[in-house]
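Going by the working numbering, the first residue of the sequence shown is number 40, and it counts up by one from there.
Data block below; observations after.
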Amino acid sequence: MPELPEVETVRQGLASWVAGRRISTVDVRHPRAIRRHLGGPVHFSAVLADRTIVDVRRRGKYLWLPLDSGDALVGHLGMSGQLLLQPSSAPEEAHLRVLFSFADDGPQLRFVDQRTFGGLSVSEGGAVLPAEIAHIARDPMDPSFVDEEFVVALRRRRTEVKRALLDQTLISGVGNIYADEALWLARLHGARPSDALTRPAARRLLAFVREVLVAALRAGGTSFDSLYVNVNGEGGYFDRSLNVYGREGEPCRRCGAPIRREPFMNRSSYSCPRCQPRPRQPRR
């Protein structure tokens with residue numbers, strides 16, 4: 040699933056191409072793509088027609104496009120969603136779900152989603168911050184993110200540190216890939232109890248989370264297949280810089296020990312057994 044760097048890359052591309060443009064028509068090709076919009080396809084198209092996109096913003100892994108009506112178009116890419124800018128003459132994609140045309144006859148905005156886990160909806164009055172995503176925490180790249188508030192909240196959680204990093208109500212935008220990468224840099228195993236971290240260790244971990252996210256954003260995100268692309272259909276290349284994720288059995292870039300893979304929440308965690316030893320189980 041796209042994480043913060045991938046979604047931010049899409050946001051930046053959209054902001055360059057759609058901010059200030061007026062939508063002329065919206066063609067919903069598959070109702071599942073707007074299943075979270077309770078008014079249905081006809082209402083979805085009607086409330087967006089003739090509306091001007093004011094900006095493109097992000098909270099965690101969600102995008103929202105404030106409109107001149109005070110409403111907002113909210114989007115989540117899910118596992119395979121793509122927001123592409125294409126000339127109207129370009130052939131339609133096999134999994135095109137929603138097609139936006141603009142009054143200036145410029146490039147269309149196309150929501151393409153092979154697996155249909157992503158989706159779009161309109162948030163009434165949600166231009167400043169849609170109520171549907173207000174519960175999601177800020178991410179560490181947000182200028183309003185308060186480091187010390189995160190450190191205090193992290194150390195209060197009675198959970199494993201990786202689970203805490205994936206909790207979008209605590210810190211948003213961090214997914215499986217970047218959690219593993221930050222934990223490797225911090226020399227912490229993901230099963231370490233978050234309430235056992237010292238303040239310096241928690242601050243250090245946050246610094247590495249931010250470092251990994253910034254580096255991935257510069258690389259345009261991570262593309263393991265053709266499903267994640269930016270608005271121009273291009274993949275990211277941060278996968279070339281990954282230290283542990285997806286590298287089972289390969290030597291640790293720091294100590295040479297073979298990278299291990301462990302089951303984690305129906306997914307996998309990757310770590311170095313030497314640099315990131317599992318925490319000892321408490322005596323009973």
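Here a beta-carbon is modelled for each residue, glycine too, at the ideal position from N, C-alpha and C.
Quiz item: Thinking C-alpha only, which one of Pro146, Val46, Gly295 and Leu256 is nearest His335?
Solution: Shown here, the chain extends from 40 to 323; a query on residue 335 therefore has no answer.
Quiz prompt | When Leu224, Thr155, Arg292 and Arg238 are compared against Arg71, the one with the closest alpha-carbon | solution = Counted from its first residue, the sequence shown places residue 71 at position 32. Closest by alpha carbon: Thr155.
Self-check item: Alpha-carbon spacing of Tyr276 relative to Lys100, whole angstroms
Solution: Here residue 276 refers to the residue found at position 237 of the sequence shown. Here residue 100 refers to the residue found at position 61 of the sequence shown. Interpretation of Tyr276 is limited by its pLDDT of 47, a score under 50 that renders its predicted location unreliable; the figure taken from the coordinates is listed afterwards. If you take the alpha carbons of Tyr276 and Lys100, they lie about 19 Å apart.
Quiz item: Between the C-alpha atoms of Glu220 and Leu236, what's the straight-line distance to the nearest angstrom?
Solution: Locating residue 220 in the sequence shown gives position 181, counting from the first residue. Locating residue 236 in the sequence shown gives position 197, counting from the first residue. Between Glu220 and Leu236, the C-alpha separation is close to 18 Å.
Quiz prompt | Endpoints, alpha helix (DSSP H) assigned at His82 | solution = Working through the sequence shown from its first residue, we reach residue 82 at position 43. Run containing His82: Gly79 to Leu87, per the alpha helix (DSSP H) assignment.
Exercise. Using the Cα positions of Arg322 and Pro44, report the straight-line distance between them to the nearest angstrom.
Key: For the purposes of this step, residue 322 is taken as the residue at position 283 of the sequence shown. For the purposes of this step, residue 44 is taken as the residue at position 5 of the sequence shown. Only weak support exists for where Arg322 lies, its pLDDT of 42 falling under 50; the coordinates are left without a value.
Quiz item: Helix, strand or coil: which one does DSSP assign to Arg323?
Solution: The sequence position of residue 323 within the sequence shown is 284, counting from 1. Bear in mind that a pLDDT of 38 at Arg323, under 50, signals an unreliable position, so the number given afterwards is only what the model happens to contain. In this structure, DSSP gives Arg323 a state outside helix and strand, which the three-state scheme calls coil.
Exercise. Report the residue ranges of all beta strand (DSSP E) runs contained in full by the stretch 144-210; include only those spanning at least 3 residues, in chain order.
Key: Counting whole runs of 3 or more residues, the stretch 144-210 contains the beta strand (DSSP E) stretches 147-152 and 158-162.
Practice problem: Would you check if the distance between the CB atom of Asp186 and the CB atom of Ser211 is smaller than 7 Å? | Solution: For the purposes of this step, residue 186 is taken as residue 147 along the sequence shown, with counting starting at 1. For the purposes of this step, residue 211 is taken as residue 172 along the sequence shown, with counting starting at 1. No, Cβ-Cβ distance for Asp186 and Ser211 is not below 7 Å.
Quiz item: Are at least three pairs of beta-carbons, each pair with one atom in the stretch 140-151 and one in the stretch 165-183, less than 8 Å apart?
Solution: Touching, no.
Quiz item: Since Val113 and Trp103 are thought to touch, with beta carbons under 8 Å apart, how far apart are those beta carbons, to the nearest angstrom?
Solution: Residue 113 sits at position 74 when you count from the first residue of the sequence shown. Residue 103 sits at position 64 when you count from the first residue of the sequence shown. Contact holds; Cβ gap of about 5 Å.
Exercise. On a CA-only basis, which of Pro302, Leu53, Ala230 and Leu252 is nearest Pro316? Give me that one, please.
Key: Counting from 1 along the sequence shown, the entry for residue 316 is found at position 277. With distances taken between Cα atoms, Pro316 lies closest to Ala230.
Quiz item: Where does Ile298 sit, in a helix, a strand or coil, going by DSSP?
Solution: The sequence position of residue 298 within the sequence shown is 259, counting from 1. Ile298 carries a coil assignment under DSSP once its states are collapsed to helix, strand and coil.
Quiz item: Where does Asp94 fall in DSSP's three states?
Solution: The residue you call residue 94 lines up with position 55 of the sequence shown. Judged by DSSP in its simplified three-state form, Asp94 adopts coil rather than helix or strand.
Exercise. Please state whether DSSP places Val67 in a helix, a strand or coil.
Key: Numbered from its first residue, the sequence shown carries residue 67 at position 28. If DSSP states are grouped into helix, strand and coil, Val67 belongs with the strands.
Self-check item: Identified DSSP bridge partners for Gln125
Solution: Translated into the one-based positions of the sequence shown, residue 125 becomes position 86. Beta-bridge pairing links Gln125 to Gln147.
Quiz item: How many angstroms separate the CA atom of Glu289 from the CA atom of Cys314?
Solution: Position 250 of the sequence shown, counting from 1, holds the residue named residue 289. Position 275 of the sequence shown, counting from 1, holds the residue named residue 314. Straight across, the Cα-Cα distance linking Glu289 with Cys314 is about 14 Å.
Quiz item: Can you give the Cα-Cα distance for Ser55 and Tyr309, rounded to whole angstroms?
Solution: The sequence position of residue 55 within the sequence shown is 16, counting from 1. The sequence position of residue 309 within the sequence shown is 270, counting from 1. One C-alpha to the other measures close to 36 Å.
Exercise. Just tell me which of Gly109, Asp110, Ser128 and Leu135 has its CA closest to the CA of Gln324.
Key: The question about residue 324 has no answer here: the residues shown for the chain are numbered 40 through 323.
Exercise. Within its chain, find whatever has a CB closer than 8 Å to the CB of Arg319; leave out the 5 residues flanking it on each side and keep chain order.
Key: Position 280 of the sequence shown holds residue 319. Result list for Arg319: empty, nothing under 8 Å.
Practice problem: Please classify Ala58: does DSSP put it in a helix, a strand, or coil? | Solution: For the purposes of this step, residue 58 is taken as residue 19 along the sequence shown, with counting starting at 1. When secondary structure is reduced to three states using DSSP, Ala58 falls in the coil class, being assigned neither helix nor strand.
Quiz prompt | Whole-number beta carbon distance between Val57 and Leu159, since they are thought to touch under 8 Å | solution = Translated into positions along the sequence shown, residue 159 becomes position 120. Translated into positions along the sequence shown, residue 57 becomes position 18. That belief does not hold up - the Cβ atoms of Leu159 and Val57 are roughly 13 Å apart, past 8 Å.
Exercise. Given a cut-off of 7 Å, decide if Leu124 and Pro146 are closer than it, judged by their beta-carbon atoms.
Key: Here residue 146 corresponds to residue number 107 of the sequence shown, with the count starting at 1. Here residue 124 corresponds to residue number 85 of the sequence shown, with the count starting at 1. Yes, these two residues count as a Cβ contact at 7 Å.
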